[in-house]
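The opening residue of the sequence shown carries number 16 in this note's numbering; numbering runs sequentially from there.
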Amino acid sequence: MPAARTSERRASARRPAWTSADGASRLVRGDQATLFPGLAADSIDCVWTDPPYFLSNGGTTCKAGRRASVDKGGWDRSQGIAADHAFNRAWLAECFRVLRPGGTLWVSGTHHVYLSVGMAMMELGFRLLNDIVWEKPNPPPNLGCRCFTHATEMILWAAKPGRGAAARHTFNYAEMKAENGDRQMKNVWRFTAPGADEKAHGKHPTQKPLALIERCLRASTAPGEHVLDPFAGSASTGVAALTVGRRFTGWEIDAGHARLAVRRLCEAERTQAERER
Ligand SMILES: C[S@@+](CC[C@H](N)C(=O)[O-])C[C@H]1O[C@@H](n2cnc3c(N)ncnc32)[C@H](O)[C@@H]1O
Numbered sequence: 016m017p018a019a020r021t022s023e024r025r026a027s028a029r030r031p032a033w034t035s036a037d038g039a040s041r042l043v044r045g046d047q048a049t050l051f052p053g054l055a056a057d058s059i060d061c062v063w064t065d066p067p068y069f070l071s072n073g074g075t076t077c078k079a080g081r082r083a084s085v086d087k088g089g090w091d092r093s094q095g096i097a098a099d100h101a102f103n104r105a106w107l108a109e110c111f112r113v114l115r116p117g118g119t120l121w122v123s124g125t126h127h128v129y130l131s132v133g134m135a136m137m138e139l140g141f142r143l144l145n146d147i148v149w150e151k152p153n154p155p156p157n158l159g160c161r162c163f164t165h166a167t168e169m170i171l172w173a174a175k176p177g178r179g180a181a182a183r184h185t186f187n188y189a190e191m192k193a194e195n196g197d198r199q200m201k202n203v204w205r206f207t208a209p210g211a212d213e214k215a216h217g218k219h220p221t222q223k224p225l226a227l228i229e230r231c232l233r234a235s236t237a238p239g240e241h242v243l244d245p246f247a248g249s250a251s252t253g254v255a256a257l258t259v260g261r262r263f264t265g266w267e268i269d270a271g272h273a274r275l276a277v278r279r280l281c282e283a284e285r286t287q288a289e290r291e292r
């Protein structure tokens with residue numbers, strides 16, 4: 016294991032960097048591998064996460080019209096196909112353990128990671144429900160001109176199976192249909208990348224749009240249910256969860272990203288409190 020990952024692991028298991036006023040939601044700076052054992056089995060209603068894609072490997076992309084190297088951080092470097100798959104299997108096995116029967120898991124990714132994630136989900140016994148295609152209307156151009164412009168990400172949605180009616184997964188079908196002009200919602204969703212308003216507290220290199228996560232949570236959970244994100248980044252999952260009235264637990268290994276997450280969570284909590292007043 017590279018030195019960076021080893022020292023990051025030692026920096027784990029701290030008290031929360033942020034806790035909501037009602038004590039029901041928190042963000043902890045630390046390594047998901049050391050934090051998972053502290054969560055009880057069957058205690059989480061939903062996981063929404065955006066794990067490392069393993070794509071910061073010396074390639075280039077187009078940023079603000081210029082060629083730039085893809086370097087999102089040491090956490091995003093591939094350790095080889097077998098090690099990357101073992102990593103995915105390990106955290107997905109923990110998600111399986113902590114999810115209640117009928118609880119669901121959403122995992123976003125590009126082709127660098129979702130094939131491994133999907134394989135691990137099948138190996139672990141998750142029931143795949145949907146592969147949501149997130150279409151980006153404004154993707155960066157493909158400078159290499161050797162393949163099509165990458166304009167999508169995949170979000171795999173899967174359930175932890177269980178017995179009986181209580182273990183049926185939640186799908187708020189009517190709400191999704193109403194949101195889609197009273198027609199069944201398809202699995203192809205169009206959302207722009209987060210704009211300046213969602214980056215007002217700082218930038219995360221792989222920040223996800225709030226509207227996208229909010230839809231997933233509204234579709235698959237009830238108000239007050241508990242959402243986990245083991246790779247929280249700037250806490251987009253947390254902000255979305257608070258906005259739609261769900262509880263949140265998030266973990267983030269990087270100190271800078273965790274500080275950004277705390278700023279965003281504080282603002283989300285304030286906004287929510289004003290809305291309820
Ligand atoms: C793809 S980003 C998530 C971005 C997030 N969805 C957002 O909107 O900001 C993955 C995050 O996982 C964090 N991370 C990587 N390895 C981790 C680990 N072992 N434990 C906890 N967090 C980790 C990285 O620092 C990074 O911020």
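Where a beta carbon is used, it is the ideal one built from N, C-alpha and C, also for glycine. On a predicted model such as this, the values are computed, not experimentally measured, just so you know.
Contacts around residue i, its chain only, beta-carbon distance under 7 Å, and the 5 residues preceding and following it disregarded
| i | result |
| --- | --- |
| R292 | none |
| H272 | H219, G248 and S249 |
| A108 | L139 |
| A237 | T185 |
| D146 | M169, L171 and N202 |
| R142 | A173, A174 and P176 |
| V43 | R29, P31, A32, L50 and W266 |
N- and C-terminal bounds of the beta strand (DSSP E) containing residue i
| i | result |
| --- | --- |
| F263 | R262 to E267 |
| H184 | Premise fails: H184 is in no beta strand (DSSP E) and is neither H nor E. |
| R41 | R41 to R44 |
| T207 | T207 -> no beta strand (DSSP E), and no H or E assigned at all. |
| A83 | R81 to S84 |
| V259 | Per DSSP, V259 belongs to no beta strand (DSSP E) and is neither H nor E. |
Closest Cα partner of residue i within the set the options
| i | options | result |
| --- | --- | --- |
| L120 | F102, G140, A101 and H127 | G140 |
| A182 | D57, R30 and V43 | D57 |
| P66 | I59, S93 and R82 | S93 |
| G239 | T221, S251, T264 and P224 | T264 |
| D46 | A288, W266, A270 and E284 | W266 |
| Y188 | A180, Q199 and A270 | Q199 |
| T286 | D269, L257 and A270 | L257 |
| W149 | A208, A255 and A105 | A208 |
For residue i, the first and last residue of its enclosing alpha helix (DSSP H)
| i | result |
| --- | --- |
| S93 | Premise fails: S93 is in no alpha helix (DSSP H) and is neither H nor E. |
| G124 | Per DSSP, G124 belongs to no alpha helix (DSSP H); it is in the beta strand (DSSP E), L114 to G124. |
| S235 | L225 to S235 |
Own chain residues within Cβ distance below 6 Å of residue i, not counting five before or after
| i | result |
| --- | --- |
| V259 | E229, L232 and R233 |
| V62 | C110, L120 and L243 |
| R112 | A56 |
| E282 | none |
| H241 | I59, D60 and R262 |
Own chain partners of residue i with C-beta closer than 8 Å, once the 5 adjacent residues on each side are dropped
| i | result |
| --- | --- |
| S22 | In this prediction, S22 has a pLDDT of 36, which is less than 50 and means its spatial position is unreliable; what the coordinates show is noted afterwards. Taken in chain order, the list of residues that qualify is empty. |
| A235 | Note that residue 235 is Ser in the sequence shown here, rather than Ala. C61, T119, W121, W172, H184, T185, F186 and N187. |
Three-pair Cβ contact test at 8 Å for the region 94 to 101 versus the region 130 to 138: As far as the Cβ criterion goes, the region 94 to 101 touches the region 130 to 138, which means the pair count is three or higher.
The region 208 to 217 / the region 184 to 200 touching (three or more Cβ pairs under 8 Å): Result no; under three Cβ-Cβ pairs closer than 8 Å.
The region 272 to 289 touching the region 30 to 37, judged by at least three CB pairs closer than 8 Å: In short, these stretches touch, since the Cβ pair count reaches three.
Segment contact, 8 Å Cβ cut-off, at least three pairs: the region 157 to 164 with the region 193 to 206: No contact exists between the region 157 to 164 and the region 193 to 206.
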